[in-house]
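Letter 24 of the sequence shown, counting from 1, is numbered 762 in my numbering, and no numbers are missing.
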Amino acid sequence: MTLYAQALSPVHYSTLQPIEETDFVVSTCKANGEAAHLSCIEVDGEYVLCGGSKNVHLLFKNKGTWH
Numbered sequence: 739m740t741l742y743a744q745a746l747s748p749v750h751y752s753t754l755q756p757i758e759e760t761d762f763v764v765s766t767c768k769a770n771g772e773a774a775h776l777s778c779i780e781v782d783g784e785y786v787l788c789g790g791s792k793n794v795h796l797l798f799k800n801k802g803t804w805h
């Protein structure tokens, strides 16, 4: 899967699910030990990865699927 980045306006997401509904957990680490964020959300039936550090984040989807 090749992912491409596109800057978008801020997106609010907060769909917390019970831990029993979790399939897996992804653990990441950053070279300099500073804050790093990684999340995945579903928008219109397609998965979107959200990654960033402190106040800067990018959303990633497959090429050609932006609406």
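Even glycine gets a Cβ: it sits at the ideal position worked out from N, Cα and C.
On the DSSP bridge assignment, give the partners of residue i in chain order.
i, result
"V794", "S791"
"E758", "Paired residues: none, contrary to the question."
"V786", "I779"
"N770", "Partner(s): none; N770 has no beta bridge."
By Cβ distance below 8 angstroms, which residues in the same chain neighbour residue i in space, the five residues on each side in sequence not counted?
i, result
"H775", "C788, G789, G790, S791 and H795"
Given residue i, which residues of its chain have a CB within under 6 angstroms of its CB, disregarding the five upstream and five downstream residues?
i, result
"V786", "I779, L797 and K799"
"S777", "C788"
For residue i, collect the residues of the same chain with a Cβ closer than 7 angstroms to its Cβ; drop the 5 residues on either side in sequence, then sort them by chain order.
i, result
"P756", "none"
"D761", "none"
Taking the straight line between their C-alpha atoms, what separation do you get for residue i and residue j?
i, j, result
"E772", "V763", "20 angstroms"
"V781", "E758", "22 angstroms"
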